[in-house]
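*Asks:* Got a structure for you, written out below as structure tokens; questions coming shortly.
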Amino acid sequence: MIRDILRMGDPRLLKRSASVNDPRAPAIQALVADLFETMRAVDGAGLAAPQIGVPLRVVIFGYADQRPNPRYPEMEVPPETVLINPELIPLGEEMEDGWEGCLSVPGLRGVVPRYKHLRYRGVDQHGQPIDRTVSDFHARVVQHECDHLDGVLYPMRIRDFRNFGYTDVLFPDLPPGADE
Ligand code: NI
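So the sequence shown is numbered by our numbering: it starts at 287 and just counts up by one.
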């Protein structure tokens with residue numbers, strides 16, 4: 287079922303989400319299905335459970351067919367992933383600035399520093415462990431989505447607000463669409 291995506295200003299986006307006890311529970315399968323359906327409906331790159339009002343540590347991101355996101359055509363797209371109870375381990379100190387948008391902050395983009403190299407761990411909706419070492423856009427997406435689980439929205443990480451604005455003004459050549 288396509289769910290409403292909460293927008294910035296909703297206090298539920300600022301809460302810390304709870305760990306999932308049983309990733310294989312039917313309620314989690316239904317949640318994951320709703321997350322994918324909702325994300326696909328707006329052509330997003332990722333979505334976190336609290337964005338649809340479910341305060342659990344579940345995020346999804348990526349594409350099964352690895353097709354480039356039309357709004358990030360130059361970027362390598364992460365594989366389709368369900369990540370539950372994630373643990374993020376930055377590798378090294380190196381941070382990189384990059385543009386981000388968020389389905390909960392529609393119409394806007396901002397430059398956010400993120401760790402360039404990252405290891406992340408967790409389980410999927412079948413209880414299978416995930417343990418990956420990634421860089422660049424993939425690492426950025428994971429950091430952005432997992433921030434939602436701690437009540438952090440990307441504008442809270444912007445350092446220079448001159449690099450924050452309306453997507454259609456900043457990037458007039460981009461195809462119109464949603465923002466994550
Ligand atoms: Ni977001």
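Glycine included, each C-beta is placed from N, C-alpha and C at the ideal position.
Kindly indicate if chain C contains any beta-carbon less than 7 Å away from that of Gln414.
*Replies:* Protein chain content of the structure displayed is limited to a single chain, and chain C is not contained in it.
*Asks:* How would you call Phe347, buried or exposed, if buried means at least 16 neighbouring beta carbons within 10 angstroms?
*Replies:* In the sequence shown, residue 347 corresponds to position 61, counting from 1. It counts as buried.
*Asks:* Under the DSSP definition of a beta bridge, which residues are partnered with Arg383?
*Replies:* Mapped onto the sequence shown, residue 383 falls at position 97. For the record, residue 383 in the displayed sequence is Asp; it is not Arg. Pro399.
*Asks:* Would you kindly check if the distance between the Cβ of Gln337 and the Cβ of Leu374 is under 7 Å?
*Replies:* Mapped onto the sequence shown, residue 374 falls at position 88. Mapped onto the sequence shown, residue 337 falls at position 51. Their beta carbons are not under 7 Å apart, which means Leu374 does not touch Gln337 by this criterion.
*Asks:* Can you tell me which of the three DSSP states Ile338 falls into?
*Replies:* The residue given as residue 338 occupies position 52 in the sequence shown. Note: Ile338 maps to helix in three-state DSSP.
*Asks:* If you run the structure through DSSP and keep just helix, strand and coil, what is Ala464?
*Replies:* For the purposes of this step, residue 464 is taken as the residue at position 178 of the sequence shown. The pLDDT assigned to Ala464 is 49, lower than 50, so where the model puts this residue is not dependable, and the model offers no usable value.
*Asks:* Can you look up Pro392 in the DSSP assignment and give me helix, strand or coil?
*Replies:* Translated into the one-based positions of the sequence shown, residue 392 becomes position 106. In this structure, Pro392 counts as coil in the three-state DSSP scheme.
*Asks:* Let me know if Ala304 comes out buried or exposed under the rule of 16 or more other beta-carbons within 10 Å of its beta-carbon.
*Replies:* For the purposes of this step, residue 304 is identified with residue 18 of the sequence shown, where counting begins at 1. It counts as exposed.
*Asks:* Can you find at least 3 beta carbon pairs, one from the segment 391-404 and one from the segment 447-457, that sit closer than 8 Å?
*Replies:* Short answer: they touch.
*Asks:* The beta strand (DSSP E) spanning Arg418 covers which residue range?
*Replies:* Taking the first residue of the sequence shown as 1, we reach residue 418 at position 132. Looking at the DSSP string, the run of the beta strand (DSSP E) that includes Arg418 is 415-421.
*Asks:* For Thr455, count neighbouring C-beta atoms within 10 Å of its own C-beta (all shown protein chains included) and say buried if the count is 16 or more, exposed if not.
*Replies:* If you number the sequence shown from 1, residue 455 lands on position 169. Checking the displayed sequence, the identity of residue 455 turns out to be Val instead of Thr. Its Cβ having fewer than 16 others within 10 Å, Val455 is exposed.
*Asks:* Using 7 Å as the threshold, is the C-beta distance between Leu369 and Gly408 below it?
*Replies:* Taking the sequence shown and counting its residues from 1, one reaches residue 369 at position 83. Taking the sequence shown and counting its residues from 1, one reaches residue 408 at position 122. A contact, by the Cβ cut-off of 7 Å.
*Asks:* For the beta strand (DSSP E) that contains Pro372, what are its first and last residues?
*Replies:* Here residue 372 corresponds to residue number 86 of the sequence shown, with the count starting at 1. Segment 367-376, the beta strand (DSSP E) holding Pro372.
*Asks:* Buried or exposed: which applies to Arg400, given that a residue is buried once 16 or more other Cβ atoms fall within 10 Å of its Cβ?
*Replies:* In the sequence shown, counting from the first residue as 1, residue 400 sits at position 114. Under this definition Arg400 is a buried residue.
*Asks:* Return the Cβ separation of Arg302 and Asp436 in integer angstroms, given the expectation that the two are a contact with Cβ distance under 8 Å.
*Replies:* Start at 1 with the first residue of the sequence shown, and residue 302 comes out as number 16. Start at 1 with the first residue of the sequence shown, and residue 436 comes out as number 150. That pair is a contact at about 5 Å.
*Asks:* Let me check understanding here. Comparing Cα to Cα, which of Gly384, Arg418, Val318 lies closest to Pro365?
*Replies:* Counting from 1 along the sequence shown, the entry for residue 365 is found at position 79. Comparing Cα positions, the closest option is Arg418.
*Asks:* With distance defined between alpha-carbon atoms, name the residue in Gln411, Ser390, Val328 nearest to His434.
*Replies:* Taking the sequence shown and counting its residues from 1, the one referred to as residue 434 is at position 148. His434 has its Cα closest to that of Ser390, out of Gln411, Ser390, Val328.
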